[in-house]
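Protein chains: 2
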Amino acid sequence: MKIIIDAFGGDNAPLEVLKGSAMAVEEYGVEVILAGDQEKIKQCAGENGVSMKNMEILHASQVIPVEADPTALLKEYSESSMAVGLKALKEGKGDAFVSAGSTGALVVGSSLIVKRMKGVRRAGIATVIPSAGGNYLLMDAGANAECHADMLVQFGVMGSVYMKQLMGIANPRVGLVNIGTEETKGLDVQRETYHLLQKAPVNFIGNVEARGLPLGECDVAVADGFTGNIILKLTEGLAKFLTGELKEMLFQSTKTKLGALLIKDSLAGFKKKLDYKEHGGAPLLGTAKPVFKAHGSSDARAFKNAIRQAKTYVENNVVSEMETALAQLKTKEAEAAPKAE
Amino acid sequence: MKIIIDAFGGDNAPLEVLKGSAMAVEEYGVEVILAGDQEKIKQCAGENGVSMKNMEILHASQVIPVEADPTALLKEYSESSMAVGLKALKEGKGDAFVSAGSTGALVVGSSLIVKRMKGVRRAGIATVIPSAGGNYLLMDAGANAECHADMLVQFGVMGSVYMKQLMGIANPRVGLVNIGTEETKGLDVQRETYHLLQKAPVNFIGNVEARGLPLGECDVAVADGFTGNIILKLTEGLAKFLTGELKEMLFQSTKTKLGALLIKDSLAGFKKKLDYKEHGGAPLLGTAKPVFKAHGSSDARAFKNAIRQAKTYVENNVVSEMETALAQLKTKEAEAAPKAE
Numbered sequence: 001m002k003i004i005i006d007a008f009g010g011d012n013a014p015l016e017v018l019k020g021s022a023m024a025v026e027e028y029g030v031e032v033i034l035a036g037d038q039e040k041i042k043q044c045a046g047e048n049g050v051s052m053k054n055m056e057i058l059h060a061s062q063v064i065p066v067e068a069d070p071t072a073l074l075k076e077y078s079e080s081s082m083a084v085g086l087k088a089l090k091e092g093k094g095d096a097f098v099s100a101g102s103t104g105a106l107v108v109g110s111s112l113i114v115k116r117m118k119g120v121r122r123a124g125i126a127t128v129i130p131s132a133g134g135n136y137l138l139m140d141a142g143a144n145a146e147c148h149a150d151m152l153v154q155f156g157v158m159g160s161v162y163m164k165q166l167m168g169i170a171n172p173r174v175g176l177v178n179i180g181t182e183e184t185k186g187l188d189v190q191r192e193t194y195h196l197l198q199k200a201p202v203n204f205i206g207n208v209e210a211r212g213l214p215l216g217e218c219d220v221a222v223a224d225g226f227t228g229n230i231i232l233k234l235t236e237g238l239a240k241f242l243t244g245e246l247k248e249m250l251f252q253s254t255k256t257k258l259g260a261l262l263i264k265d266s267l268a269g270f271k272k273k274l275d276y277k278e279h280g281g282a283p284l285l286g287t288a289k290p291v292f293k294a295h296g297s298s299d300a301r302a303f304k305n306a307i308r309q310a311k312t313y314v315e316n317n318v319v320s321e322m323e324t325a326l327a328q329l330k331t332k333e334a335e336a337a338p339k340a341e
Numbered sequence: 001m002k003i004i005i006d007a008f009g010g011d012n013a014p015l016e017v018l019k020g021s022a023m024a025v026e027e028y029g030v031e032v033i034l035a036g037d038q039e040k041i042k043q044c045a046g047e048n049g050v051s052m053k054n055m056e057i058l059h060a061s062q063v064i065p066v067e068a069d070p071t072a073l074l075k076e077y078s079e080s081s082m083a084v085g086l087k088a089l090k091e092g093k094g095d096a097f098v099s100a101g102s103t104g105a106l107v108v109g110s111s112l113i114v115k116r117m118k119g120v121r122r123a124g125i126a127t128v129i130p131s132a133g134g135n136y137l138l139m140d141a142g143a144n145a146e147c148h149a150d151m152l153v154q155f156g157v158m159g160s161v162y163m164k165q166l167m168g169i170a171n172p173r174v175g176l177v178n179i180g181t182e183e184t185k186g187l188d189v190q191r192e193t194y195h196l197l198q199k200a201p202v203n204f205i206g207n208v209e210a211r212g213l214p215l216g217e218c219d220v221a222v223a224d225g226f227t228g229n230i231i232l233k234l235t236e237g238l239a240k241f242l243t244g245e246l247k248e249m250l251f252q253s254t255k256t257k258l259g260a261l262l263i264k265d266s267l268a269g270f271k272k273k274l275d276y277k278e279h280g281g282a283p284l285l286g287t288a289k290p291v292f293k294a295h296g297s298s299d300a301r302a303f304k305n306a307i308r309q310a311k312t313y314v315e316n317n318v319v320s321e322m323e324t325a326l327a328q329l330k331t332k333e334a335e336a337a338p339k340a341e
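Protein chains in written order, with the working numbering: chain A, 1 to 341; chain B, 1 to 341.
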């Protein structure tokens, strides 16, 4: 299996990308195609003693800045490591693509270069977030600020397949993020989505309030990208705030410092549980081939984990499983539609 | 000063309401008017030895259930403790009203019985939430799921006055909750609100991402009620999840249990910081007279704190300060509007 990597995406590129790729080659037996400036990659690997075993380089002269307009990927940045990597995926040079670069550019580029699966209205970013029950998948985590009901239903169907195939949950509980549990709650788009999800080929458990997300009330949380971004970012901020407060508390006195020493190992486990780097990457669901967004601040371990995820995604035929589920959704919708006289 | 209390609102009514009221009478020197069933109140106070000093009862034969349609407050539940209390506030029998009953009914009842301040489009619920910097005010926390830009701007202006007058922040930083910091981010309503807030008589600091809220990036967070509800409920759920995980971690082994013992006092301080009961009540901003929503699960201490807040609100003339600020907003908007030829 060949995984294409954007060697110049993220805050720690290219060194951490190279190190993570080398770890993945070693641990998972994959081959890696690095998209990026050939000279710089070789120099960085050489200076830092990173093995290039089972890695090849696909030269790309540019890097798209995070602040660039996403559509610039197809114009002034068409020779960037991200654009070159996506084109290589489209052409079948590799099986999946991983980038820690601009989310907006990756979403636009994937839709326009790699294209979407048949019938998919929009591709969205799915993010796995820790919860009391283990994890839940948030879809969409920010790609599409405004969503129609038919997009949200597809998010639920694709998210369900993902949790089944990649996280091993037999019958994922799909919840619609809303401001109350009754089906009349929310805005028109939530009310319409509620009824469509009831008829969709998923285990729809109804509306889920935001309070229930970290408490493990569902396995797939369906939301528009605006709400999803609020959920993702607030989760990050609160985890940072609370661990900061906790740290301050543990260093208050000699007594608490001694206490901190005794709970040190358990505390490390606690932090690990909340660590997004364990999951590594967020898949773009809806693209015709597997694309993963790694966190902008990813280190080598995060890249390695993102590559592992991409490998599992390919091995489990997630794309074709999603296509089957989406075809079922279409059939069910056609059956439910009022017949012409 | 007389504070009117809904004696039958919330999960712990009437006992905790009575106890909290008695504590407030004692500590803050206020008088209390209890709206609710006269016999039941007297019996409950008698059986539990709660002093009725400086408290009078305003008889109300009904209680509106939390699940009732909010508009039922004006029809089949017009004799409920909430409706009777709101009417007493309108008639000037007391200076402020506190209820832990149905949020929806309180919002509808306040707008229709007590009425809104002149020029206010909608009343919203403002909630004080702990953050790294101390606290921030979230407005609207869930009263109006869908908001227009002119409503959001008023929320910012009223929230700013609240943080200045009640929390002693000289020049509150008002932020617009959005999915990015650039002014082009979000949906049309955010983009329009951004430009209106730039001209409003507040210290507008621009868009704030959800990540920045718990990290203390603003003092007033302006959001529509859908987004606000997501923020409020997710904060509750995450605090519960993380403290639960922390507790589990502390009881993992004999060693960690010993550690837990050493950090016990500091841990209590940590929990107190995250405790909504310290703040007691969420004000409805925009009503012509002070109305406070106490949390449904409020205990005596939460009621006492809500009464303290109501007292401070009245003493600081928050309503008239808001009216002045809203008049300034109107003047500025008129100045900024294109003149007719």
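Glycine residues also receive a C-beta, built at the ideal position from the N, C-alpha and C atoms. The model shown is predicted, which means the values in this text are computed figures rather than measured ones.
- Taking residue 134 of chain A as the reference, give the member of B:33, B:44, B:167 and B:242 with the closest Cα. What you label residue 134 of chain A is simply residue 134 of the first sequence in a count that begins at 1. Of the listed residues, the one whose Cα sits closest to residue 134 of chain A is B:242.
- Message: Using only CA atoms, which one of A:42, A:122, A:27 and A:12 lies nearest to residue 326 of chain A?
- Response: Sequence index remark: in the first sequence, residue 326 of chain A carries index 326 (1-based). Here the closest residue by C-alpha is A:122.
- What are the start and end residues of each continuous alpha helix (DSSP H) run of 4 or more residues lying completely inside the region 47 to 82 of chain A, in chain order? none
- Task: Helix, strand or coil for residue 16 of chain A, going by three-state DSSP, please let me know.
- Result: Indexing the first sequence from 1 puts residue 16 of chain A at position 16. Here residue 16 of chain A sits in helix by DSSP.
- Message: Under DSSP, the beta strand (DSSP E) around residue 210 of chain A begins and ends at which residues?
- Response: For the purposes of this step, residue 210 of chain A is identified with residue 210 of the first sequence, where counting begins at 1. Careful: residue 210 of chain A lies outside any beta strand (DSSP E) and carries neither H nor E.
- Query: From the beta carbon of residue 184 of chain A, is the nearest beta carbon of chain B less than 8 Å away?
  - Reply: As a first step, residue 184 of chain A is located in the first sequence; it is residue number 184 there, counting from the start. No, because no Cβ of chain B sits closer than 8 Å to the Cβ of residue 184 of chain A.
- Spell out a yes or no on whether the region 43 to 52 of chain B and the region 67 to 84 of chain B are touching, meaning 3 or more CB-CB pairs, one atom from each, closer than 8 Å. no
- Message: Three Cβ pairs or more, each shorter than 8 Å: is that satisfied between the region 303 to 312 of chain B and the region 175 to 194 of chain B?
- Response: no
- With residue 315 of chain A as the anchor, note down where its alpha helix (DSSP H) starts and where it stops. In the first sequence, residue 315 of chain A corresponds to position 315, counting from 1. Looking at the DSSP string, the run of the alpha helix (DSSP H) that includes residue 315 of chain A is 300 to 315.
- Any idea which residues DSSP pairs residue 139 of chain A with across the strands? Numbered from its first residue, the first sequence carries residue 139 of chain A at position 139. Residue 139 of chain A pairs with A:126 and A:222.
- Message: Does the contact criterion of 3 or more C-beta pairs under 8 Å hold for the region 75 to 91 of chain B versus the region 319 to 334 of chain A?
- Response: no
- Message: Using only the alpha-carbon positions, how far apart do residue 341 of chain B and residue 335 of chain B sit?
- Response: On the second sequence, position 341 is the one that residue 341 of chain B refers to. On the second sequence, position 335 is the one that residue 335 of chain B refers to. Note on residue 341 of chain B: pLDDT 45, under 50, position unreliable in the model; the coordinate value appears next. Distance between the alpha carbons of residue 341 of chain B and residue 335 of chain B is about 15 Å.
- Message: List, from N- to C-terminal side, the alpha helix (DSSP H) runs of 4 residues or more that fit wholly inside the region 167 to 210 of chain B.
- Response: 188 to 199
- Query: What is the DSSP secondary structure of residue 113 of chain A, counted as helix, strand or coil?
  - Reply: Residue 113 of chain A sits at position 113 when you count from the first residue of the first sequence. Helix at residue 113 of chain A.
- Query: Touch check for the region 221 to 237 of chain A and the region 222 to 235 of chain B: three-plus C-beta pairs under 8 Å?
  - Reply: yes
- Item | Nonlocal neighbours in the same chain, by C-beta distance under 7 Å from residue 192 of chain A, ignoring five residues either side | As a working mapping, residue 192 of chain A is identified with position 192 in the first sequence. 149.
- Query: Is there at least one Cβ from chain B nearer than 8 Å to residue 341 of chain A's Cβ?
  - Reply: The residue given as residue 341 of chain A occupies position 341 in the first sequence. Residue placement at residue 341 of chain A cannot be trusted, given a pLDDT of 45 that sits under 50; what the coordinates show is reported in the next sentence. By this cut-off, residue 341 of chain A is not an interface position.
- For chain C, find out if any of its Cβ atoms is closer than 8 Å to the Cβ of residue 259 of chain A; answer yes or no. You won't find chain C in this structure, because its protein chains are A and B.
- Item | Residue burial classification, residue 87 of chain B (beta-carbon count within 10 angstroms, cutoff 16) | On the second sequence, residue 87 of chain B is found 87 positions in, with the first residue counted as 1. That one is buried.
- Query: How would you list, in chain order, the residues of chain B whose beta-carbon sits under 8 Å from the beta-carbon of residue 131 of chain A?
  - Reply: The count along the first sequence starts at 1 and reaches residue 131 of chain A at position 131. Near residue 131 of chain A (Cβ distances below 8 Å), the residues of chain B are 241.
- Item | Coarse secondary structure for residue 21 of chain B, derived from DSSP in three states | Counted from its first residue, the second sequence places residue 21 of chain B at position 21. Of the three classes helix, strand and coil, the one that applies to residue 21 of chain B here is helix, per DSSP.
- Item | Nearest candidate by alpha-carbon position, reference residue 110 of chain A, set A:128, A:12 and A:91 | Indexing the first sequence from 1 puts residue 110 of chain A at position 110. The shortest Cα separation from residue 110 of chain A among A:128, A:12 and A:91 belongs to A:91.
- Query: Apart from the five residues on each side of it in sequence, which residues of its chain come closer than 8 Å, Cβ to Cβ, to residue 264 of chain A?
  - Reply: The residue you call residue 264 of chain A lines up with position 264 of the first sequence. Contacts found: none.
- Item | Separation of residue 240 of chain B from residue 220 of chain B, as counted between CA atoms | The sequence position of residue 220 of chain B within the second sequence is 220, counting from 1. The sequence position of residue 240 of chain B within the second sequence is 240, counting from 1. Using only the alpha carbons, I get a separation of about 24 Å.
- Task: Name the two residues that bound the continuous alpha helix (DSSP H) containing residue 99 of chain B.
- Result: Position 99 of the second sequence, counted from the start, is the residue given in the question as residue 99 of chain B. Segment 96 to 99 is the beta strand (DSSP E) holding residue 99 of chain B; no alpha helix (DSSP H) there.
- Message: I need the DSSP call for residue 37 of chain B, collapsed to helix, strand or coil.
- Response: Here residue 37 of chain B is taken as the residue at index 37 of the second sequence, counted from 1. Of the three classes helix, strand and coil, the one that applies to residue 37 of chain B here is coil, per DSSP.
- Query: Name the chain B residues whose beta carbon is nearer than 7 Å to that of residue 252 of chain A?
  - Reply: Walking along the first sequence from the start, residue 252 of chain A turns up at place 252. Per Cβ cutoff of 7 Å: 266.
- Answer with buried or exposed for residue 48 of chain A, where buried requires no fewer than 16 other C-beta atoms within 10 angstroms of its C-beta. Reading the first sequence from its first residue, position 48 is the one you call residue 48 of chain A. So residue 48 of chain A ends up on the exposed side.
- Query: residue 197 of chain B: which of B:211, B:164, B:157 and B:13 sits nearest, CA to CA?
  - Reply: Here residue 197 of chain B refers to the residue found at position 197 of the second sequence. Comparing Cα-Cα distances from residue 197 of chain B to each of B:211, B:164, B:157 and B:13, the minimum goes to B:157.
- Residues bridged to residue 271 of chain A by DSSP? Along the first sequence, read from residue 1 onward, the residue named residue 271 of chain A stands at position 271. Paired residue(s): none; residue 271 of chain A is not in a bridge.
- Message: According to DSSP, residue 291 of chain A sits in a beta bridge with which residue or residues?
- Response: Numbered from its first residue, the first sequence carries residue 291 of chain A at position 291. Bridge partners of residue 291 of chain A: A:97 and A:284.
- Put residue 3 of chain B into one of helix, strand or coil per three-state DSSP. Within the second sequence, numbered from 1, the residue matching residue 3 of chain B stands at position 3. Residue 3 of chain B: strand per DSSP, three-state reduction.
- Message: Tell me the rounded alpha-carbon separation between residue 213 of chain A and residue 50 of chain B.
- Response: Against the first sequence, residue 213 of chain A aligns to sequence position 213. Against the second sequence, residue 50 of chain B aligns to sequence position 50. Going from the Cα of residue 213 of chain A to the Cα of residue 50 of chain B covers about 40 Å.
- Item | Buried versus exposed call for residue 188 of chain A [16 or more other C-beta atoms within 10 Å across all chains shown] | Reading the first sequence from its first residue, position 188 is the one you call residue 188 of chain A. With fewer than 16 Cβ atoms within 10 Å of its Cβ, residue 188 of chain A is classed as exposed.
- Item | Boundaries (first-last residue) of the alpha helix (DSSP H) holding residue 333 of chain B | Along the second sequence, one-based indexing puts residue 333 of chain B at 333. First-last of the alpha helix (DSSP H) with residue 333 of chain B: 318 to 336.
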